[in-house]
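Reading through the structure tokens given below for one structure.
In the working numbering, the protein residues as written are 17 to 72.
Below, the structure written as structure tokens:
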């Protein structure tokens, strides 16, 4: 996706994110931190989830 085809959100709240951020999220969504699973698949008791939770 090129930046010239993106829609901008000027409303209060969430904003338009840079393409590089979206690409990083896309990659991590499929394999979070090299765990072989998505963070949304990880148990809330897993070390990977705990690291995210403690870093938030």
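Every residue, glycine too, gets a C-beta built ideally from N, C-alpha and C.
Keep in mind it's a predicted model, so treat the numbers as computed, not measured.
Applying the 10 Å Cβ sphere with the 16-neighbour rule, what's the burial state of residue i?
i: residue 26; result: exposed
Could you check which residue in the options has the C-alpha nearest to that of residue i?
i: residue 32; options: 57, 24 and 54; result: 24
i: residue 22; options: 29, 28 and 38; result: 38
Measure the Cβ-Cβ separation of residue i and residue j and say whether it is below 8 Å.
i: residue 67; j: residue 51; result: no
i: residue 46; j: residue 36; result: no
In the DSSP assignment, the alpha helix (DSSP H) including residue i goes from what residue to what residue?
i: residue 4; result: The structure shown does not extend to residue 4, since the chain is modelled only from 17 to 72, so the question has no answer here.
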